[in-house]
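Comments concern the structure below.
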Ligand SMILES: NC(=O)c1ccc[n+]([C@@H]2O[C@H](COP(=O)([O-])OP(=O)(O)OC[C@H]3O[C@@H](n4cnc5c(N)ncnc54)[C@H](O)[C@@H]3O)[C@@H](O)[C@H]2O)c1
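Numbering (our numbering), first residue to last: -6 to 344.
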């Protein structure tokens, strides 16, 4: 039987990927050493997700660190060409955290990705390689778009070509402030493309907007909607940084993200790049997200405002997924913003 390797398997995107591929009768080898706990503290640990996955038939777990090439090579060697796909979601995922330890960030995001590409090339070159990149590869260039201030949000000028569907892949990834996280992800993103173009491997970069869902171990530095709802449910104070709280993001439920992985796996291409997010159907400003969290949780959120935006933070970002939809017309988004937040709320309320 075929098997799939999922890195970051206990994380938000990884755990959803494991469940989806198992449901199609594939075996899954998950790799995750709970580095998220080191990044963001015990509350953000993904150990509970790992324990839940271990109960699923067909799932095997390795606590391997993707920075350890020898250990990774041993796993690839063991499974060889039985590996039909590598879904690479392990990462240091925070914009802000990266500046604390640039070497760790680059080691995990850039070097770890190169390790996986090279091990796949040596041991299973036919495997599909799916990489979760990020919209931060565009740095702060989206902030140069002509934005208008509205009552609760920044909004793109209606005459702009990105107004209707959002930002597409034609945006430059060059000459802007990325944050160290954005830069390490650019390095990985370009390398994933290169293994597709130069070596002919079936690789893809999905440049995600905000990805979320009940499986997110939300922390202040990563997992915006999940953490926001956690604050609403627990009464913990929430801090808004800059842009008057009117910064706009689009949000994609991890279920819909993984459906895109599944579509690509069934009909892979070489060295592709796609923007992937909730798009216009699931976007909101921070102020609008706060109002929706308050409504769903039926509790007021205690939040305060600090007039200092996070460096490189996007003021307005909505993903245009048209290219992916054109290539994969069967991709269906099941969730909108309200249903995503409702699910996060219900999971938190259930404890
Ligand atoms: N969540 C978002 O809003 C978002 C947005 C855009 C892109 N992305 C990207 O999507 C991917 C998945 O994000 P997520 O939200 O699921 O993150 P997550 O933190 O929930 O999951 C990542 C998992 O990888 C593990 N991990 C980290 N470093 C590791 C290492 N060196 N070796 C082994 N395991 C390691 C962590 O323990 C964690 O369980 C990341 O590449 C991230 O950059 C996420």
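Note that CB positions come from ideal geometry on N, CA and C, so glycine has one too.
- Distance from residue 198 to residue 179 at the Cβ level is roughly 10 Å; contact not present, criterion being Cβ atoms closer than 8 Å.
- Assignment of beta-bridge partners to residue 311 by DSSP yields no partner.
- Contiguous beta strand (DSSP E) elements confined to the segment 115 to 147 occur at 121 to 127 and 140 to 142, taking only those with 3 or more residues.
- Distances between the C-beta of residue 28 and the heavy atoms of ligand 1 include at least one below 6 Å.
- Approximately 6 Å separates the beta-carbon atoms of residue 277 and residue 330; this is inside 8 Å, confirming the contact.
- Judged by their CB atoms, residue 64 and residue 173 are not nearer to each other than the 7 Å cut-off.
- Here the alpha carbon of residue 146 sits roughly 14 Å from the alpha carbon of residue 138.
- Short note on residue 283: C-beta not closer than 6 Å to any heavy atom of ligand 1.
- Shown here for residue 53: same chain residues with a beta carbon closer than 6 Å to its own, the five before and five after excluded, namely 22 in chain order.
- Assigned with DSSP and collapsed to three states, residue 69 falls in helix.
- Taken atom to atom, the span from the alpha-carbon of residue 73 to that of residue 34 is near 35 Å.
- For residue 0 and residue 248, the gap between their C-alpha atoms comes out near 17 Å.
- In this structure, DSSP gives residue 243 an extended state, which the three-state scheme calls strand.
- Take residue 70, set aside five residues on each side of it, and the residues of its chain with a beta-carbon closer than 8 Å to its own are 116, in chain order.
- The beta carbon of residue 196 sits closer than 6 Å to those of 122, 185, 188, 189 and 264, all from its chain and outside the five residues before and after it, given in chain order.
- Annotation: residue 299 to residue 212 spans about 18 Å, alpha carbon to alpha carbon.
- In the three-state scheme derived from DSSP, where H, G and I count as helix and E and B as strand, residue 199 is classed as strand.
- Under the three-state reduction of DSSP output, residue 188 falls in the helix class.
- 124 is the residue among 321, 124 and 103 whose C-alpha sits nearest the C-alpha of residue 194.
- In this model, residue 266 and residue 254 are separated by some 13 Å (Cα to Cα).
- Relative to residue 219, the option among 256, 282, 257 and 258 whose CA is nearest is 282.
- The residue from 171, 11 and 258 with its alpha-carbon nearest to that of residue 25 is 11.
- Within the segment 274 to 310, the beta strand (DSSP E) runs of at least 3 residues that lie entirely inside it are, in chain order, 276 to 278 and 296 to 299.
- With contact defined as three or more Cβ pairs closer than 8 Å, the segment 81 to 92 and the segment 101 to 121 are in contact.
- Between residue 142 and residue 75, the alpha-carbon positions lie close to 53 Å from each other.
- Contact check for residue 200 and residue 127: beta-carbon distance about 6 Å, within the 8 Å limit, so the pair qualifies.
- Annotated as proximal: residue 338 and residue 222, with beta-carbon spacing under 7 Å.
- Bridge pairing for residue 269: 201 [DSSP].
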